[in-house]
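Chemist:
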Amino acid sequence: MSEIKKARDDWNREVNNFKERSYRFETVSGEPVDILYTPEEIKHLDYLRDLGFPGKYPFTRGVYVNMYRGKLWTMRQFSGFGTPEDTNRRYKYLLEHGQTGLSVAFDFPTLYGRDSDDPFSAGEVGRCGVAVDTLRDMEIIFDGIPLESISTSMTINPPAAMLLAMYIAVGEKQGVPSERLTGTIQNDMLKEYQAQKTWIYPPEPSMRIITDILSYCSERVPKWNTISISGYHIREAGATAVQELAFTLANGFTYVDYGIKAGIPVDKFAPRLSFFFNSHLDFFEEIAKYRAARRIWAREMRNRYGAKDPRSWLMRFHTQTAGCTLTAQQPENNIVRVAFQALAAVLGGTQSLHTNSMDETYALPTEKAVKIALRTQQLLAHETGVANTIDPLGGSYYVEALTNRLEEQAYKYFERIDSLGGVIPAIETGFFQREIAESAYRYQRDVEKRQKIVVGVNDFIEEEEPKIELLKIRPEVERHQIERLNEVRKERNNQKVKESLRELRRAAHNGANLMPRILDAVRAYATLGEMCGVLKEEFGEYEEPIIF
Amino acid sequence: MSEIKKARDDWNREVNNFKERSYRFETVSGEPVDILYTPEEIKHLDYLRDLGFPGKYPFTRGVYVNMYRGKLWTMRQFSGFGTPEDTNRRYKYLLEHGQTGLSVAFDFPTLYGRDSDDPFSAGEVGRCGVAVDTLRDMEIIFDGIPLESISTSMTINPPAAMLLAMYIAVGEKQGVPSERLTGTIQNDMLKEYQAQKTWIYPPEPSMRIITDILSYCSERVPKWNTISISGYHIREAGATAVQELAFTLANGFTYVDYGIKAGIPVDKFAPRLSFFFNSHLDFFEEIAKYRAARRIWAREMRNRYGAKDPRSWLMRFHTQTAGCTLTAQQPENNIVRVAFQALAAVLGGTQSLHTNSMDETYALPTEKAVKIALRTQQLLAHETGVANTIDPLGGSYYVEALTNRLEEQAYKYFERIDSLGGVIPAIETGFFQREIAESAYRYQRDVEKRQKIVVGVNDFIEEEEPKIELLKIRPEVERHQIERLNEVRKERNNQKVKESLRELRRAAHNGANLMPRILDAVRAYATLGEMCGVLKEEFGEYEEPIIF
Amino acid sequence: MEGKIRVLVAKPGLDGHDRGAKVVAAALRDAGMEVIYTGLHQTPEQIVEAAIQEDVDLIGISILSGAHMTIFPRILKLLQEKGAGHIIVSGGGIIPKEDMEKLERLGVKKLFGPGTPTTEIVEWIKETVKR
Amino acid sequence: MEGKIRVLVAKPGLDGHDRGAKVVAAALRDAGMEVIYTGLHQTPEQIVEAAIQEDVDLIGISILSGAHMTIFPRILKLLQEKGAGHIIVSGGGIIPKEDMEKLERLGVKKLFGPGTPTTEIVEWIKETVKR
C-alpha cells in the first residue's frame, strides 16, 4: 500500500503539469471530486465491516440476498389525472404495457383533504392527479383491478389515514382482507413541513395520526408500508444529495422515536417503514447516496434503537427520477436524462422505480411519453445486463470513497439537528427550509453563471419552440366530480355519516386510535373534507415560518 | 482475505436457498456472470502492475494523464448522404450545434472505388453516404470548413489512399500543408475480409497499400491516424465482445508485423495507429472490453514488439454505439439504448464517440434525430458528472474481474489464430467469418427462444406502426452526380490524367510507394474508378470463401 | 421614481412547490428590490389585499398546479375592483404557451417559462417598473 | 411436392452487411431446406442465372443499402424474360413500408422487415412453396 501511495504522489506531481478545463470539478451537489481514486483513498475500508454481503448487515450492497437475480425492481409509474374513470383507464393501459405496480397521484384538493366543491379547490380538481372525495371514487379507480395481486403506492400525507381506509374498504368489497393488502402510503409529514409544503395540522397532531397508523397497521394491515420516508421532495425543493440523505434519515429516526414513545415495540413497526429517494443528475453521487443510506440506517437501527429483527435494519426504497432536472426546452433530451437517472437508481439497488416522462415539465404525461419512460426501465432490466450481478459498482475506488464521504457529511447534519433539539423544533424555526432554499439558490446561480451547464437552457440553446403533444385535462372534470360528490351525499345514509364523524371527533379528543373511526366514516361514504374538517377543528392548522 | 473467503462461502450456501428468476445470467456475449463479486474474485489483481495510473503503462485506467479533466472526448457524428452539397450543409449544421469533429460516410460506390456512372453503382449513388468521384466532390464537401482547425475521420478502406490524397489536396487548396492535417482514415482491410466485406484486391496487395500509407504518412502527414483498427464492424456482423476484442487486436498486431517487415521502425508508425470499437448493449462487458484492450495492447507493443515510445503503447480509440442493437419497432426506445451505450463508452475512456440516431434502422438520420443523438453526448459530458474523475469504475470487483476475464479469453483466441498461421491465412480459410456467423446465429436463436429479450421485438410488443419522419434521398442525386462527373472529365487535362495513371501503374508494378502517384492523379482530377481500376488490373480481385 | 422597487412574490392555490418562488424572491432581494413573500396557499383575495397594503409596484405569481387560468383572471379583476389596476401583474411556472398568450391578452404583463434566468426577470422588472 | 425445398439466398449490390442473409440461410438449412448462398456483390443477372441453374423454388434477397427499388424489379423482369417466372421472389432488409407495398404490387411475393423471427420466414416459405 505504501508503494501505491508513493506512485500516487509521483503521479500527482506529474498531473499538475497538465492543464484542466476551466470547470469546478464537483458533484452536482457541490461535493469535491478528485481527479483519480485509487486503493489509497479507501485504505480504511474494511470489506466485512463496511460492505459485507447482500441481504446481510450493514446491507451496503443491497437489502435482499439475491436482489435482482431473484426479482427485478418493481416498475411503478406514478400516475393519476382527471376523473377516477380517466385514471382507471390509464392504470389498465400501464398494466397492459408491462408495469408491475400502481402508484396513485392525487389532485391538490385531495392532497389537502378538501372536497372538490371546496372554494379552495376551484381550478385544481383532477389537474395534477386524480380527485378523490369519497370511497365511491376509489371504487371506480380500482374497478377491475384485483387488489389481491397488485401492490399500490399512494402519495398522500395529511389525509393518509383516510385514503388507506378507503383502500381497505375497496379491498373489503373485493373480498380481500386487509391482512393481505400490499402497498405503501407516503404518510411522511416531516418532509412536508420541510419541503413539499402540503399540510393541514401542526406537527405534533400529525405525528399522533402517524403513530396511530403505525399501531393499527402493525396489527391489521401487516404487509402495508406505513410510511414512505421521502427524500424525493426535499431534493426537488432544491436540497443537495447530502441534505436529501441526512434530512430523510433524520426524519426516519424521528418516526422511530415517536413509535417507540407511543409504546409500539420497534421491531413491530420498523420493518414496515420504507424510503423514497430522488435520482438526480450526478450519476455516481446518487449511487453512493443509496449505498450510504442503507449502511447508516442499518447501523442506527441496530445500535441506537436496539432493533433485533434484521428486517428493522434494512432500508427498502422506491426511487423516482428527478423532475426538477427536466427541461421544457428540447423535451427529447429528458428521455436521455431519465435513462441515466434510472440506471443510477438500479445500480444503487432500488426496490421500485418511477421514471419521469419527457413532457412532465409541461403537463401530466401523455400515453406515449409515459410509455417511453416505462420502456426505459424495461430496457434497463432486460437488455443492458446490469441486473445480472448485485451491486456491480461495489469496490470501485471512487464509488466507495464517495459513499464514505456522503455518510460522514450526513452525520455532521445529524449533529446539527440534535443540537437544535431534534427534527420538529428544527422545522419550527425554519432550519431545513433555510438550508434547502440556500442550496436551491446556489444551484440557480451556478446555472446562471454557467458553472453548471444545463443542455438546452444555458448552452446548446435552440431558438425553435419544441413541438410536442400534451395531455389536456378536460375542463368538465371539475363539474363531473362535483356532480358525483353531490350524488353520493344524497344517496348515503347521512345519519350514519354524522355518527361516524362524531366518533372520530371523540377519538381525536380522547386519544383513542383514529384509524378504526376513520374506517367507519369511510365505509359510510363520509367525504374527505368532512373527515379532515373534524380533525382540523380538533387539532388546529399549521402556519409556516416564512423564509426565502 | 481468508475471512472474506469464509464469509463468501457461508453466503454462497445461503444464497442457494433463494430461487432465481428463470434466466441464464450471462453477458450479451454469453460470458457467465456470477451473482456477486467481492475482493475474493480479484485477489490476484496487483494495482500497480494491472491498473496503474492514467497516462502510464499499462494504461488500463486511460491513455492520457488527465483524461476528460483535460479535454472531453471528441463528439464526432458519422454522416454524409446525397450529393457533396447535401453533406456540406449537414456538416455545417452539426458544427453549429456543438459537434467537435467530422466523420465522413461515403456511399457504396465510393467505398468500392467505383465511379457514380459505373453500372455497378446504379441505385446506390449518394444513398448510404456521400458520393465522391473526384477531387471536385471533396472540395465541395469541405467548402467553408477550415481543415486547419477541424479533425476529420473518413470511413474508407480499399480506396483509403485515394481519399486521403484528396483530403491532402483540399488542404493544399486551402493553404494547409499536409503536416498540419489531423484526422483518421479507417484503412483497415483485415476486418473487411473478416466482417464488413468491402474489398477490391486480395489481402497481400491490400497490405502493401496500407504499408505504403504508413510509410508516406510517417514522413508527410505525421499527425494523421493512418489506420483505425476497427472492431466495430466485426461486432455488427454478429461477433461477441471477446471476438471483437481479440480479432481487432490480432489485426492490429498484423499491421504492426507488416509495418516492421516493410522496414518502418515501429515507433515511427505505431503512435499513429488508432482503434475503433463498438459500444453494445451489455453495459459492464463493454466497459471491461475497453479496459482490457488498452492493457493488452500496451503489454504486447512494449514486450512483444519492443516499442520504446510510450505513444506506441497507448491505445486511443473511437467508439460508435451499436447499430445492430437498434430496433425498427418503437424507435424512441433507441434513444435510450444509445444513451446507455454512450455512457459505457465514456466510462471505458473513449477518445471520441458517435452516438447513433433513433431512426437509423430505417434510413440515414434526419436532422432532428441526429441532434438528439448529439445532445445525448452533451448531456453525458455536462450534466451527469461522469467526466469529473478518471476511470470511475476502477476497483469495482465486478468490472475488474470481467476485465481480467475478457483479457484471458482474448489470449485464447490469439493462440488459435497463431496456430492457423496468423490473421491472413485464417481469413483465407474463413476462420473469422465462421466464428462470427456462428455467434450471430446463436444470438438470433437466443432472441427467438426469448433467452434474450429485445424490447419491442420479442417482448413488450405493440401492434401500432411507429410514425416517424424519415430522411429521403432525392432520386435526382444520381443524375446530378453523374452530370458533374462528366463535366469534370470534360474540363480536366486528360493528358495529365493519363500520365499520372501510367505512373501509378508503374509504381504498383515496381514496388515504389503508391501514395505520391495517387496524389498526383488526384490533383489532375482522375476519378476514383480510374485509379482503383489501374490497381485492380495490377493486383487482381478478391473472392471470399462462402460460409454461413 | 424614488426608493426601491417593491415586489410581492405570491404562491396562490394549493400547490406547495415554492422552490421557484423562493429562488426568484432571493434573486430580486439580492438585486436590491424590496421583496414581500406571501408564503403558501394564498387566495387571490389575500394576494390582492397584501399587494395593496404593502403598496407594491408589481405582483409576481408562481404557479405550477395548472390552475393559472382560474387564478390570474381573478387577481386582475380584484385589482380593478379595488382601484389598484396600476399594480403590474406577472408570473411564471408551468403554463402552456397558448395559455400564456391568453393571459397576456387579459392583462397579465408578462409570464416567464421554466428555465428563465433570474437575471432576465430582474432586468425586466427594472425596465417595466421604471417607465 | 417431392424432395427438399430449394432456396437461393442472395446478396445483390454493393452492401456487404451479410449478417442477416447468413443467419437466415443457416436457419433455413437447419429447417431442412437446401440452401444456396450466392455470396456478396451479385448482380441481378448473376442471381437469376444461379437461381435457374440451381433450380430453386424461391429466391430470398437480403438488401440493406437502399437500392431495393432498382434491384427487385430487375430480378423480376429477368426471371420473366428467361421463362422462370415460377420462381418465387422474396426478401428482407431495411425497406420502407411504402416501398414494400410497391414491390409487392410489382410481383415480389413477400418482404420481411427487421426483427422478423427466422421461424416466421421458415413457416412462410414452407407454406408458400407447398401450394
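One line per chain: the protein sequences are A, B, C and D, in this order.
Residue numbers for the first sequence, in our numbering: 1 to 548.
Residue numbers for the second sequence, in our numbering: 549 to 1096.
Residue numbers for the third sequence, in our numbering: 1097 to 1227.
Residue numbers for the fourth sequence, in our numbering: 1228 to 1358.
By construction, the Cβ of each residue, glycine as well, lies at the ideal position given by its N, Cα and C atoms.
Taking CB distances under 8 Å as the criterion, tell me whether residue 910(B) reaches chain A.
Modeler: No, because no Cβ of chain A sits closer than 8 Å to the Cβ of residue 910(B).
Chemist: Step through the CB atoms of chain A and report whether any lies within less than 8 Å of the CB of residue 879(B).
Modeler: By this cut-off, residue 879(B) is not an interface position.
Chemist: Check whether the Cβ atoms of residue 525(A) and residue 302(A) lie closer than 8 Å to each other.
Modeler: Contact: no.
Chemist: Check residue 408(A) in the structure and name its three-state DSSP category.
Modeler: Helix, per DSSP.
Chemist: What does a CB cutoff of less than 7 Å around residue 430(A) pick up in its chain, not counting 5 residues either side in sequence?
Modeler: Taken in chain order, the residues that qualify are 545 and 547.
Chemist: What first and last residue would you give for the beta strand (DSSP E) that runs through residue 273(A)?
Modeler: Segment 273-279, the beta strand (DSSP E) holding residue 273(A).
Chemist: If the cut-off is 8 Å on Cβ atoms, which residues from the region 1175-1193 of chain C count as contacting chain E, listed in chain order?
Modeler: Structure shown: chain E not included; protein chains present are A, B, C and D.
Chemist: Which residue comes first and which comes last in the alpha helix (DSSP H) that contains residue 758(B)?
Modeler: From DSSP, the alpha helix (DSSP H) with residue 758(B) extends over 751-768.
Chemist: Against residue 127(A), what residues of chain C qualify as contacts under a CB-to-CB distance less than 7 Å, listed in chain order?
Modeler: Within 7 Å Cβ-Cβ: 1161, 1162 and 1163.
Chemist: Quick one: does residue 977(B) have its CB under 8 Å from some CB of chain D?
Modeler: Cβ-Cβ to chain D under 8 Å: no for residue 977(B).
Chemist: Can you tell me which residues form a DSSP beta bridge with residue 702(B)?
Modeler: Bridge partners of residue 702(B): 652(B) and 733(B).
Chemist: Can you check whether the CB of residue 821(B) is closer than 8 Å to the CB of residue 846(B)?
Modeler: No, these two residues do not count as a Cβ contact at 8 Å.
Chemist: Among the residues of its own chain, which have a CB less than 7 Å from the CB of residue 249(A), if the five just before and after it don't count?
Modeler: Within the same chain, residue 249(A) has close Cβ partners 293, 296, 297 and 410.
Chemist: Three-state secondary structure (DSSP) at residue 669(B)?
Modeler: Looking at residue 669(B) - three-state DSSP - the assignment turns out to be helix.
Chemist: Could you tell me whether any Cβ in chain B is nearer than 8 Å to the Cβ of residue 11(A)?
Modeler: Yes, its Cβ sits closer than 8 Å to a Cβ of chain B.
Chemist: Just the Cα atoms here: how many angstroms apart are residue 668(B) and residue 660(B)?
Modeler: Cα to Cα, the separation comes out at about 10 Å.
Chemist: Quick one: list the residues of chain B neighbouring residue 98(A), beta-carbon separation under 7 Å, in chain order.
Modeler: Chain B residues near residue 98(A): 1008.
Chemist: Can you tell me whether DSSP reads residue 1206(C) as helix, strand or coil?
Modeler: Here residue 1206(C) sits in strand by DSSP.
Chemist: Mind the definition here: the region 468-487 of chain A touches the region 1149-1158 of chain C only if three or more C-beta pairs lie below 8 Å; say whether that holds.
Modeler: At 8 Å Cβ cutoff, the stretches do not touch.
Chemist: Contact defined as beta carbons within less than 8 Å: I believe residue 110(A) pairs with residue 488(A). What is the distance between those atoms, to the nearest angstrom?
Modeler: Actually they do not touch by this definition, with Cβ atoms about 15 Å apart.
Chemist: Between 915(B), 616(B), 555(B) and 787(B), which lies nearest to residue 642(B) when the distance is taken from Cα to Cα?
Modeler: Closest by alpha carbon: 915(B).
Chemist: Answer with yes or no whether the minimum CB distance from residue 1171(C) to chain A is below 8 Å.
Modeler: Not closer than 8 Å to any Cβ of chain A, the Cβ of residue 1171(C) fails to qualify, so no.
Chemist: Using the beta-carbon count (16 or more within 10 Å), is residue 1050(B) buried or exposed?
Modeler: Exposed, because fewer than 16 other Cβ atoms sit within 10 Å of the Cβ of residue 1050(B).
Chemist: Of the residues 825(B), 1084(B) and 1065(B), which one's Cα is nearest the Cα of residue 714(B)?
Modeler: It is 1065(B) whose Cα lies nearest to the Cα of residue 714(B).
Chemist: Looking only at its own chain, which residues have a Cβ that is under 8 Å from the Cβ of residue 202(A), when we skip the five neighbours before and after it?
Modeler: So the qualifying residues of the chain are 539, 540, 541 and 542.
Chemist: Can the beta-carbon of residue 654(B) be found less than 8 Å from the beta-carbon of residue 703(B)?
Modeler: Cβ atoms of residue 654(B) and residue 703(B): closer than 8 Å.
Chemist: Under a CB-based cut-off of 8 Å, is residue 464(A) close to chain B?
Modeler: With 8 Å as the cut-off, residue 464(A) does not count as an interface residue toward chain B.
Chemist: Does any CB atom of chain D fall closer than 8 Å to the CB of residue 989(B)?
Modeler: So yes, residue 989(B) belongs to the interface.
Chemist: Which two residues bound the contiguous alpha helix (DSSP H) that contains residue 1045(B)?
Modeler: Here the alpha helix (DSSP H) through residue 1045(B) covers 1042-1058.
Chemist: Tell whether a beta-carbon distance below 8 Å holds between residue 1275(D) and residue 1233(D).
Modeler: No, these two residues do not count as a Cβ contact at 8 Å.
Chemist: With 8 Å set as the bound, which would you pick, yes or no: does the beta-carbon of residue 1298(D) sit closer than that to a beta-carbon of chain B?
Modeler: Cβ-Cβ to chain B under 8 Å: yes for residue 1298(D).
Chemist: In whole angstroms, what separates the C-alpha of residue 674(B) from that of residue 632(B)?
Modeler: Each residue's alpha carbon lies about 9 Å from the other.
Chemist: Is the CB-CB distance between residue 1299(D) and residue 1330(D) below 8 Å?
Modeler: Yes, Cβ-Cβ distance for residue 1299(D) and residue 1330(D) is below 8 Å.
Chemist: Quick one: what's got a C-beta closer than 6 Å to residue 1248(D)'s C-beta in the same chain, skipping five residues either side?
Modeler: Contacts found: 1236, 1238 and 1289.
Chemist: Kindly indicate which residue of 1260(D), 1250(D) and 1309(D) has the alpha-carbon position closest to the one of residue 1280(D).
Modeler: Answer by Cα proximity: 1309(D).
Chemist: Thinking just about the alpha-carbon of each residue, which of 995(B), 1003(B) and 1081(B) is nearest to the one in residue 1250(D)?
Modeler: Residue 1250(D) has its Cα closest to that of 995(B), out of 995(B), 1003(B) and 1081(B).
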